[in-house]
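Protein chains: 2
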Amino acid sequence: MSLELAQLSITQQFELLVQAENKFALNEFLNEQNISDVAELINQFPDYEALIIGTMAIHRAVSVFKILDISEQKNIIKNLPNYKIAELLNELPADDRTDFLEELSNSVIRDLIKLLNPEERKITLSLLGYPEDSVGRLMTPDYVYVYEHNTVEEILATIRKFAKNSETIDVIYVINEKGELIDDIKIKSIILAAPDKRVDEIIDGRVVALNVNDDQEHANQVFKMNNRVALPVVDDNNILLGIVTIDDMLWVANEEYSEDIQKIGGTEALNEPYLDVPFFKLMQKRAGWLIVLFLSEMLTATAMGYFADEIAKAVVLSIFVPLIMSSGGNSGSQASTLIIQAMAVGDVHLKDWWRVMRREIFSGLTLGTILGIIGFFRIALWHELMKHGMIEDLYGMHWLEIAFVVGFSLIGVVLWGTLTGSMLPIILKKLGADPAVSSAPFVATLVDVTGLVIYFSVAMLFLKGLLL
Amino acid sequence: MSLELAQLSITQQFELLVQAENKFALNEFLNEQNISDVAELINQFPDYEALIIGTMAIHRAVSVFKILDISEQKNIIKNLPNYKIAELLNELPADDRTDFLEELSNSVIRDLIKLLNPEERKITLSLLGYPEDSVGRLMTPDYVYVYEHNTVEEILATIRKFAKNSETIDVIYVINEKGELIDDIKIKSIILAAPDKRVDEIIDGRVVALNVNDDQEHANQVFKMNNRVALPVVDDNNILLGIVTIDDMLWVANEEYSEDIQKIGGTEALNEPYLDVPFFKLMQKRAGWLIVLFLSEMLTATAMGYFADEIAKAVVLSIFVPLIMSSGGNSGSQASTLIIQAMAVGDVHLKDWWRVMRREIFSGLTLGTILGIIGFFRIALWHELMKHGMIEDLYGMHWLEIAFVVGFSLIGVVLWGTLTGSMLPIILKKLGADPAVSSAPFVATLVDVTGLVIYFSVAMLFLKGLLL
Numbered sequence: 080m081s082l083e084l085a086q087l088s089i090t091q092q093f094e095l096l097v098q099a100e101n102k103f104a105l106n107e108f109l110n111e112q113n114i115s116d117v118a119e120l121i122n123q124f125p126d127y128e129a130l131i132i133g134t135m136a137i138h139r140a141v142s143v144f145k146i147l148d149i150s151e152q153k154n155i156i157k158n159l160p161n162y163k164i165a166e167l168l169n170e171l172p173a174d175d176r177t178d179f180l181e182e183l184s185n186s187v188i189r190d191l192i193k194l195l196n197p198e199e200r201k202i203t204l205s206l207l208g209y210p211e212d213s214v215g216r217l218m219t220p221d222y223v224y225v226y227e228h229n230t231v232e233e234i235l236a237t238i239r240k241f242a243k244n245s246e247t248i249d250v251i252y253v254i255n256e257k258g259e260l261i262d263d264i265k266i267k268s269i270i271l272a273a274p275d276k277r278v279d280e281i282i283d284g285r286v287v288a289l290n291v292n293d294d295q296e297h298a299n300q301v302f303k304m305n306n307r308v309a310l311p312v313v314d315d316n317n318i319l320l321g322i323v324t325i326d327d328m329l330w331v332a333n334e335e336y337s338e339d340i341q342k343i344g345g346t347e348a349l350n351e352p353y354l355d356v357p358f359f360k361l362m363q364k365r366a367g368w369l370i371v372l373f374l375s376e377m378l379t380a381t382a383m384g385y386f387a388d389e390i391a392k393a394v395v396l397s398i399f400v401p402l403i404m405s406s407g408g409n410s411g412s413q414a415s416t417l418i419i420q421a422m423a424v425g426d427v428h429l430k431d432w433w434r435v436m437r438r439e440i441f442s443g444l445t446l447g448t449i450l451g452i453i454g455f456f457r458i459a460l461w462h463e464l465m466k467h468g469m470i471e472d473l474y475g476m477h478w479l480e481i482a483f484v485v486g487f488s489l490i491g492v493v494l495w496g497t498l499t500g501s502m503l504p505i506i507l508k509k510l511g512a513d514p515a516v517s518s519a520p521f522v523a524t525l526v527d528v529t530g531l532v533i534y535f536s537v538a539m540l541f542l543k544g545l546l547l
Numbered sequence: 080m081s082l083e084l085a086q087l088s089i090t091q092q093f094e095l096l097v098q099a100e101n102k103f104a105l106n107e108f109l110n111e112q113n114i115s116d117v118a119e120l121i122n123q124f125p126d127y128e129a130l131i132i133g134t135m136a137i138h139r140a141v142s143v144f145k146i147l148d149i150s151e152q153k154n155i156i157k158n159l160p161n162y163k164i165a166e167l168l169n170e171l172p173a174d175d176r177t178d179f180l181e182e183l184s185n186s187v188i189r190d191l192i193k194l195l196n197p198e199e200r201k202i203t204l205s206l207l208g209y210p211e212d213s214v215g216r217l218m219t220p221d222y223v224y225v226y227e228h229n230t231v232e233e234i235l236a237t238i239r240k241f242a243k244n245s246e247t248i249d250v251i252y253v254i255n256e257k258g259e260l261i262d263d264i265k266i267k268s269i270i271l272a273a274p275d276k277r278v279d280e281i282i283d284g285r286v287v288a289l290n291v292n293d294d295q296e297h298a299n300q301v302f303k304m305n306n307r308v309a310l311p312v313v314d315d316n317n318i319l320l321g322i323v324t325i326d327d328m329l330w331v332a333n334e335e336y337s338e339d340i341q342k343i344g345g346t347e348a349l350n351e352p353y354l355d356v357p358f359f360k361l362m363q364k365r366a367g368w369l370i371v372l373f374l375s376e377m378l379t380a381t382a383m384g385y386f387a388d389e390i391a392k393a394v395v396l397s398i399f400v401p402l403i404m405s406s407g408g409n410s411g412s413q414a415s416t417l418i419i420q421a422m423a424v425g426d427v428h429l430k431d432w433w434r435v436m437r438r439e440i441f442s443g444l445t446l447g448t449i450l451g452i453i454g455f456f457r458i459a460l461w462h463e464l465m466k467h468g469m470i471e472d473l474y475g476m477h478w479l480e481i482a483f484v485v486g487f488s489l490i491g492v493v494l495w496g497t498l499t500g501s502m503l504p505i506i507l508k509k510l511g512a513d514p515a516v517s518s519a520p521f522v523a524t525l526v527d528v529t530g531l532v533i534y535f536s537v538a539m540l541f542l543k544g545l546l547l
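Top line first, the protein sequences correspond to chains A and B. In terms of my numbering, the first sequence opens at residue 80 and continues consecutively. In terms of my numbering, the second sequence opens at residue 80 and continues consecutively.
Below you can see the structure in the form of structure tokens.
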């Protein structure tokens with residue numbers, strides 16, 4: 080490439096090469112870039128997706144394909160000739176291939192699997208057999224294994240032979256003749272050891288393995304707690320099936336993050352980037368929960384209708400309805416997200432429910448009292464302003480009772496909000512559901528109806544015979 | 080250890096050994112367990128924290144200490160004799176040490192730094208000099224580097240010499256005489272290459288480096304997009320300062336997850352496990368936002384007061400206030416969490432604001448119309464029931480106008496909610512704040528007041544001269 084060309088930005092160079100229709104130069108150019116830069120190019124030029132992937136060296140194309148969004152991956156597969164798809168899918172590491180395939184419809188999966196060579200087909204079908212979100216779906220069968228009686232020299236020979244097809248050689252696995260996992264060895268120990276040392280002299284018997292049916296989130300925790308870049312995956316009989324590499328965990332964490340945040344906000348998990356979800360699908364994911372919440376919130380209209388007479392007698396009561404409701408909702412959202420987060424990262428377990436409840440009873444009382452006092456003084460202040468004619472008098476002679484009603488209601492509503500918010504995720508988890516479903520809107524809705532009942536009950540207590 | 084002892088659970092074995100007060104056997108026992116199991120023991124027996132850490136081999140104690148919660152780490156440091164603390168801190172990898180120290184008060188940091196040997200002290204002080212949440216705080220200076228003119232044989236010799244103190248040897252770094260980063264080489268390529276090959280024959284010139292001032296979240300993205308277990312960290316002059324390993328990214332992702340979820344729920348980030356935060360601190364973190372939200376929500380009382388005359392004339396209007404308000408809040412929470420999540424994972428950027436806004440205008444209209452139609456028919460249905468005397472008649476002869484008021488208000492309020500919810504995170508980011516601050520409660524509060532105004536304005540339009 081001429082010096083002049085090299086001074087242009089990657090985007091500009093790419094545009095020139097595409098215009099020149101020089102496939103050879105384009106291939107050379109693409110092979111020289113970092114895979115993240117090529118992915119960036121694909122983002123910028125969606126029309127050339129298939130061209131870019133189709134033109135690159137296949138092992139590089141695979142690295143780029145792996146990190147693209149699912150929508151881009153689908154587009155590429157749609158626009159590539161069959162022989163290129165076959166090349167790409169066969170070259171793709173088994174775990175990434177499973178990841179991609181599980182996003183497609185069954186009929187498309189069938190068509191694509193036909194393109195695989197017999198060996199890869201067998202692996203893929205077996206990986207797709209594991210439950211979604213299980214470690215099985217993440218594992219790759221491409222790893223290096225040795226036996227206890229091997230020497231360091233033999234290990235190095237094995238590595239040289241198989242490293243090309245192995246996802247990582249940072250950790251080597253030791254198995255016995257039955258295929259059972261004995262231990263893992265870091266490459267560091269192998270390089271540091273004398274060539275004639277035997278495997279059983281190097282290993283320390285401290286191996287951490289994942290079960291193929293483990294939850295991916297669990298795997299994430301295990302990686303966090305053990306200093307390994309890859310972990311072996313075994314079945315219930317301790318037979319080594321594959322390995323999971325730590326880079327997959329970054330994607331798992333990311334997915335978990337997105338799903339939980341979307342659920343907390345009251346949307347079904349999108350599973351696709353926001354801007355790529357088709358509008359109709361976006362509406363489906365959002366409307367469902369909104370309608371459920373709306374139908375539940377209709378109970379507030381029923382509750383309000385029930386207290387219509389009281390409101391007619393004392394319109395002033397209706398003035399504080401939004402304030403009371405939102406305070407319950409806000410304290411509920413706070414409590415529920417705190418507990419969802421604490422359970423997700425393993426700080427709180429089901430058995431801690433009583434400790435949480437005790438904490439939240441005190442929290443609710445404290446926070447409710449703070450808001451109650453502020454509410455009380457706000458009404459007292461307004462009353463002063465009204466007395467001096469600075470604003471219209473809404474409270475009348477019973478301002479003090481009204482202030483007490485608002486103050487005490489706030490304590491009750493905030494206490495109820497924090498209790499509901501904190502217990503709901505725990506109950507959901509106990510029932511086997513995802514705690515993140517106890518979204519802020521869900522909690523707020525649960526708290527709203529009860530909040531109204533608390534408010535009007537307190538009002539009856541204080542204002543009976545006065546305003547009511 | 081006797082066979083009998085080995086059949087007991089880890090917890091039981093530990094208890095026996097502690098009771099026997101046999102330090103030697105305890106040391107041997109602890110050294111044999113996985114570090115995650117030892118961490119588990121520390122969780123179960125907080126009183127023995129310092130004993131466990133103090134009894135283990137120092138390099139194992141360090142591995143356990145690294146993965147403990149900050150509160151446990153603090154306790155251990157409090158209860159260990161100074162010489163043990165010195166040993167532990169000096170042995171701790173520089174990045175983990177920085178992580179731990181930055182959680183402590185300045186006076187404690189000063190005391191602890193005095194315990195470090197001069198070399199480690201210098202490294203620590205320089206790492207603490209980088210901004211919090213920067214890559215600089217994560218990096219470790221323990222890596223293996225070689226020069227371009229080295230041969231593979233020389234590299235292997237270098238690795239054997241320095242690997243003991245190096246955090247990883249999965250990637251080796253190539254620098255020039257000025258200390259500038261030239262490239263990185265995976266250990267795989269080194270093992271596969273002939274011993275007399277020179278470094279400049281192996282390298283491919285494709286190196287991805289982090290800047291020491293980069294944000295940790297950015298580093299997380301770079302790791303996700305590039306297949307590396309460690310990335311080099313350089314300063315603005317491309318001088319190699321250290322490396323960051325991928326396992327740190329799991330902790331970064333975890334912290335990001337916790338902070339964002341807590342903020343979305345309307346709490347300041349706790350930075351400590353929920354059950355470990357002292358009660359007073361928990362109240363501080365929660366009360367602040369609740370009070371701000373409460374004070375803002377007081378505007379709803381002002382708005383309601385403004386429409387008190389209308390409510391007095393048509394109490395039926397007040398019945399739907401909670402329903403209208405919550406619909407705005409729910410649609411707002413949905414939209415804001417969707418955009419917070421999309422921005423956090425890099426699916427939406429500031430420049431996409433118009434695409435987001437256009438999407439949300441259509442989303443708001445669609446969702447609002449759905450809820451509006453449901454609301455309309457709910458009122459029509461109740462009217463039928465009332466006509467037949469099955470429930471108390473609240474709507475009277477103007478039920479159709481009321482149904483229209485509720486229906487159209489819902490369209491307006493939901494549209495306003497989705498717009499506010501989606502734009503607020505973008506505006507916050509533009510202003511340099513964390514988008515996650517636009518919590519569900521924050522958005523709901525913003526939407527509530529406007530929602531009331533929209534509702535009563537629509538009511539005036541439809542009911543003027545009828546009920547009002």
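Idealized CB from N, CA, C, for every residue including glycine. All figures in this text were calculated on a predicted structure; none of them were measured in a lab.
To the nearest angstrom, how far is it from the Cα of residue 433 of chain B to the Cα of residue 341 of chain A? The residue given as residue 433 of chain B occupies position 354 in the second sequence. The residue given as residue 341 of chain A occupies position 262 in the first sequence. So the alpha carbons of these two residues sit roughly 21 Å apart.
Using only the alpha-carbon positions, how far apart do residue 239 of chain B and residue 250 of chain B sit? In the second sequence, counting from the first residue as 1, residue 239 of chain B sits at position 160. In the second sequence, counting from the first residue as 1, residue 250 of chain B sits at position 171. Straight-line measurement puts the Cα of residue 250 of chain B at about 14 Å from the Cα of residue 239 of chain B.
Sub-8 Å separation of residue 522 of chain A and residue 415 of chain A beta-carbons: Along the first sequence, one-based indexing puts residue 522 of chain A at 443. Along the first sequence, one-based indexing puts residue 415 of chain A at 336. In this structure, residue 415 of chain A lies closer than 8 Å to residue 522 of chain A by Cβ.
What are the start and end residues of the beta strand (DSSP E) that includes residue 321 of chain A? Against the first sequence, residue 321 of chain A aligns to sequence position 242. It spans 319-324 - the beta strand (DSSP E) in which residue 321 of chain A sits, taken as one unbroken run.
Measuring only between beta-carbons, confirm whether residue 437 of chain B sits less than 8 Å from chain A. The residue given as residue 437 of chain B occupies position 358 in the second sequence. No, no contact with chain A.
If contact means a Cβ-Cβ distance below 8 Å, which residues of the stretch 385-401 of chain A contact chain B? 387, 390, 391, 394, 395, 397, 398, 399, 400 and 401
In this structure, how does DSSP classify residue 251 of chain A when only helix, strand and coil are distinguished? For the purposes of this step, residue 251 of chain A is taken as the residue at position 172 of the first sequence. If DSSP states are grouped into helix, strand and coil, residue 251 of chain A belongs with the strands.
Quick test of the definition: if touching needs 3 or more C-beta pairs under 8 Å, does the stretch 231-238 of chain B touch the stretch 195-208 of chain B? Contact check between the stretch 231-238 of chain B and the stretch 195-208 of chain B: fewer than three CB pairs, one atom from each, fall below 8 Å, which does not count as touching.
Hey, quick one: how far does the beta strand (DSSP E) through residue 225 of chain A stretch, first residue to last? For the purposes of this step, residue 225 of chain A is taken as residue 146 along the first sequence, with counting starting at 1. Taken as a continuous stretch (DSSP letters only), the beta strand (DSSP E) holding residue 225 of chain A covers 224-226.
Distance check for residue 193 of chain A and residue 186 of chain A, CA to CA, integer angstroms please. On the first sequence, position 107 is the one that residue 186 of chain A refers to. On the first sequence, position 114 is the one that residue 193 of chain A refers to. When rounded, the distance between both Cα atoms is 11 Å.
Paired residues, beta bridge with residue 185 of chain A - DSSP: Here residue 185 of chain A refers to the residue found at position 106 of the first sequence. Answer is none; residue 185 of chain A lacks a bridge partner.
Give a yes or no on whether the minimum CB-CB distance between residue 170 of chain B and chain A is below 8 Å. Along the second sequence, one-based indexing puts residue 170 of chain B at 91. It does not: the Cβ of residue 170 of chain B has no partner Cβ on chain A nearer than 8 Å.
Please state whether DSSP places residue 230 of chain B in a helix, a strand or coil. For the purposes of this step, residue 230 of chain B is identified with residue 151 of the second sequence, where counting begins at 1. Of the three classes helix, strand and coil, the one that applies to residue 230 of chain B here is strand, per DSSP.
Ignore the nearest five residues each way along the sequence and tell me which others in residue 284 of chain A's own chain have a CB closer than 7 Å to its CB. Position 205 of the first sequence, counted from the start, is the residue given in the question as residue 284 of chain A. Within the same chain, residue 284 of chain A has close Cβ partners 262.
Can you tell me whether residue 237 of chain A is helix, strand or coil according to DSSP? As a working note, residue 237 of chain A is residue 158 in the first sequence. Note: residue 237 of chain A maps to helix in three-state DSSP.
Across the stretch 107-120 of chain A and the stretch 129-139 of chain A, are there enough close Cβ pairs to call them in contact, namely three or more that are closer than 8 Å? yes
Cβ closer than 9 Å: which chain B residues qualify as neighbours of residue 478 of chain A? Position 399 of the first sequence, counted from the first residue, corresponds to residue 478 of chain A. By Cβ distance, chain B contributes nothing, its closest Cβ being about 13 Å from residue 478 of chain A, past 9 Å.
Using DSSP's beta-bridge definition, name the partner residues of residue 311 of chain B. What you label residue 311 of chain B is simply residue 232 of the second sequence in a count that begins at 1. In the DSSP output, where bridge partners are listed per residue, residue 311 of chain B has B:322.
Would the stretch 320-334 of chain B count as touching the stretch 317-335 of chain A if we require 3 or more Cβ pairs under 8 Å? yes
Name the one or two DSSP bridge partners that residue 265 of chain A has. What you label residue 265 of chain A is simply residue 186 of the first sequence in a count that begins at 1. Residue 265 of chain A is bridged to A:250.
Cβ neighbours of residue 487 of chain A in the same chain (closer than 6 Å, five flanking residues each side left out): Walking along the first sequence from the start, residue 487 of chain A turns up at place 408. Cβ within range, chain order: 537.
Just how far apart, CA to CA, sit residue 529 of chain A and residue 167 of chain B? By one-based count along the first sequence, residue 529 of chain A stands at place 450. By one-based count along the second sequence, residue 167 of chain B stands at place 88. The straight-line gap from Cα to Cα measures roughly 54 Å.
Check whether chain B comes within 8 Å of residue 207 of chain A, counting only Cβ atoms and requiring the distance to be less than that. Taking the first residue of the first sequence as 1, we reach residue 207 of chain A at position 128. Chain B contact via Cβ: absent.
Do you know how far the Cα of residue 369 of chain A is from the Cα of residue 35 of chain B? Absent from the model: residue 35 of chain B. The displayed extent of chain B is 80 to 547, so no value can be given.
Run through DSSP, which three-state label would residue 497 of chain B get? Within the second sequence, the letter at position 418 stands for residue 497 of chain B. If DSSP states are grouped into helix, strand and coil, residue 497 of chain B belongs with the helices.
Pull out every residue of the stretch 220-235 of chain B whose Cβ sits closer than 9 Å to any Cβ of chain D, in chain order. You won't find chain D in this structure, because its protein chains are A and B.
Proximal chain A residues relative to residue 434 of chain B, where beta-carbon distance stays under 7 Å: In the second sequence, counting from the first residue as 1, residue 434 of chain B sits at position 355. What residue 434 of chain B touches in chain A: 354.
Ordered along the chain, which non-local residues of its own chain (more than five positions away) have a Cβ less than 7 Å from that of residue 535 of chain B? Numbered from its first residue, the second sequence carries residue 535 of chain B at position 456. The residues are 386 and 389.
Closest residue to residue 366 of chain A among A:353, A:346 and A:357 (Cα-Cα distance): As a first step, residue 366 of chain A must be located in the first sequence, where it is residue number 287. For the residues A:353, A:346 and A:357, the minimum Cα distance to residue 366 of chain A belongs to A:346.
Please list, in chain order, the residues of the stretch 290-304 of chain B that have any C-beta partner in chain A closer than 8 Å. Along the stretch 290-304 of chain B, going in chain order, the ones with a CB nearer than 8 Å to a CB of chain A are 299, 301, 302, 303 and 304.
Do residue 412 of chain B and residue 582 of chain A have their beta-carbon atoms positioned less than 8 Å apart in this structure? Within the shown structure, residues of chain A are numbered from 80 to 547, placing residue 582 of chain A beyond reach of any answer.
Are the CB atoms of residue 426 of chain A and residue 352 of chain B nearer to each other than 8 Å? Here the question's residue 426 of chain A lines up with position 347 in the first sequence. Here the question's residue 352 of chain B lines up with position 273 in the second sequence. It is a contact, given that the beta carbons lie within the stated cut-off.
Residue environment, residue 98 of chain B, which counts as buried when at least 16 other CB atoms sit within 10 Å: Translated into the one-based positions of the second sequence, residue 98 of chain B becomes position 19. Label assigned to residue 98 of chain B: exposed.
Beta-carbon proximity of residue 326 of chain B to residue 158 of chain A, cut-off 8 Å: Within the second sequence, numbered from 1, the residue matching residue 326 of chain B stands at position 247. Within the first sequence, numbered from 1, the residue matching residue 158 of chain A stands at position 79. No, Cβ-Cβ distance for residue 326 of chain B and residue 158 of chain A is not below 8 Å.
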